[in-house]
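Here's the structure, in structure tokens; my notes come after.
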Amino acid sequence: MQSNKIKAEDNVSTAVNFVLLGFSGLPKLQGLLFGLFFVTYMIILIGNSLVVIITRLDTMLQKPMYFFLGNFSSLEICYASVTLPRILWNIWTQDRSISRLACATQMCFFLMLAATECFLLAVMSYDRYVAICNPLHYPLVMNHNFCVQLAIGSWTIGIPVQIGQTCQIFSLRFCGSNQINHFFCDIPPILKLAHGDTWAHEISVYVVAMLFVTIPFMLIVASYSKIISTILKLPTASGRAKAFSTCSSHIIVVVLFFGSAIITYLRPKSNHSPGTDKLLSLFYTIVTPMFNPMIYTLRNKDVITALRRLFLRK
Numbered sequence: 001m002q003s004n005k006i007k008a009e010d011n012v013s014t015a016v017n018f019v020l021l022g023f024s025g026l027p028k029l030q031g032l033l034f035g036l037f038f039v040t041y042m043i044i045l046i047g048n049s050l051v052v053i054i055t056r057l058d059t060m061l062q063k064p065m066y067f068f069l070g071n072f073s074s075l076e077i078c079y080a081s082v083t084l085p086r087i088l089w090n091i092w093t094q095d096r097s098i099s100r101l102a103c104a105t106q107m108c109f110f111l112m113l114a115a116t117e118c119f120l121l122a123v124m125s126y127d128r129y130v131a132i133c134n135p136l137h138y139p140l141v142m143n144h145n146f147c148v149q150l151a152i153g154s155w156t157i158g159i160p161v162q163i164g165q166t167c168q169i170f171s172l173r174f175c176g177s178n179q180i181n182h183f184f185c186d187i188p189p190i191l192k193l194a195h196g197d198t199w200a201h202e203i204s205v206y207v208v209a210m211l212f213v214t215i216p217f218m219l220i221v222a223s224y225s226k227i228i229s230t231i232l233k234l235p236t237a238s239g240r241a242k243a244f245s246t247c248s249s250h251i252i253v254v255v256l257f258f259g260s261a262i263i264t265y266l267r268p269k270s271n272h273s274p275g276t277d278k279l280l281s282l283f284y285t286i287v288t289p290m291f292n293p294m295i296y297t298l299r300n301k302d303v304i305t306a307l308r309r310l311f312l313r314k
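Each residue of the sequence shown is one higher than the one before, counting from 1 in UniProt numbering.
Laid out in structure tokens, this is it:
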């Protein structure tokens, strides 16, 4: 009898499928949601691709600031592509099942790209710090080789840690419900399905979040503290306005991304609710990638000029 009980539990714990509930609670809005997410995905792909193209092709944009912007736009395309195609597929087919391997793969890529975004935003703030606070040394410090090293470091720094964290989470036993009350395989809703004591795993999530979210955020805050202090000392109002304009776009993206990510991963478990988690996740998975090209192009005269040259050439 005991043997049969253990065998039944093992069968449950090794279930191969999960179900992403997503937005199934809005059955009458499925068509509208599909249209909204499809248009959003097209905006992300087209807008960020344009930024990548002009930062690679336009000779006037061959500067460290635009090198990192091109990297950031490439990242946003990858980041949105981890979640949005699955959302569109689930809504279109109404088949919300996802295999355990596919769920783990989605989570792993999502976490790796999120870590990349955190550090790339920190690198971009450092670039602005050197440009504004040490302008005479800027060409020497932010040389091409150093910029490439910073970009490669940002893209790769989270890979081993996030692979390890994903393996750790999916080594848990999942008994009972296999329904993930989210639109992608994120950590909080997955941990809710885990059987037994998940305290150690929750602590590891907090530690990794502190490393990959809080530390880059504090570096950004430190950089902008120095930047603002330097700008306020500039003798002319026009100089201060120009310096602020080169930073404002980056600050907006930082607030959108880090604000929602910090609230999601660093608030107490008791404060987590599926509706709030979904809303916050929309900001750092979809809203930020969509608004990134708009924020950087509409507030940057060099990028607008480069876009005009590109379309006139065509």
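Note that beta-carbon positions come from the ideal geometry of N, C-alpha and C, so glycine has one too.
Remember, it's a predicted structure, so these values are computed and weren't measured experimentally.
Residue nearest to L120 in terms of C-alpha spacing, selected from I220, L279, R100: Ranking the options by Cα distance to L120, first place goes to I220.
Short Cβ contact (8 Å threshold) for F212 with G158: yes
Option in A102, M290, H201 with minimal Cα separation from L172: Checking every option, the nearest Cα to that of L172 belongs to H201.
Start-to-end residues for the beta strand (DSSP E) that takes in F18: 17–20
Coarse secondary structure for I163, derived from DSSP in three states: Here DSSP, grouped into helix, strand and coil, assigns I163 to helix.
Spatial distance of N134 from L307 (CA atoms): 29 Å
Segments assigned alpha helix (DSSP H), at least 4 residues, entirely inside the segment 155–220: Taking 4 residues as the minimum length, the alpha helix (DSSP H) runs contained wholly in the segment 155–220 are 159–169, 187–193, 199–209, in order along the chain.
Terminal residues of the beta strand (DSSP E) in which I98 lies: 97–99
Simplified DSSP assignment, three categories, for D277: In the structure shown, D277 sits in a helix (DSSP, three-state: H, G or I).
Cα-Cα separation, A209 to S125: 20 Å
N-terminal and C-terminal residue of the alpha helix (DSSP H) that V141 is part of: 138–141 is the extent of the alpha helix (DSSP H) around V141.
Test item: CB-CB of V130 and V141 under 8 Å: yes
Contacts around V51, its chain only, beta-carbon distance under 6 Å, and the 5 residues preceding and following it disregarded: S73, P293
Beta-carbon proximity of N48 to P289, cut-off 8 Å: yes
Length of the line joining the Cα atoms of T59 and L75: 22 Å
Neighbour-count burial assignment, G22, 16 or more Cβ in a 10 Å radius: buried
Inter-residue Cα distance where the pair is A102 and F37: 21 Å
Beta-carbon gap between Q106 and C167 smaller than 8 Å: no
Segments of 3+ residues assigned as beta strand (DSSP E) that fall wholly inside the segment 77–134: 97–99
Proximal residues to L234 (C-beta, below 8 Å), its chain only, five neighbours per side dropped: R240, A243
Nearest residue (CA-CA) to M65, options I215, M42, L150: L150
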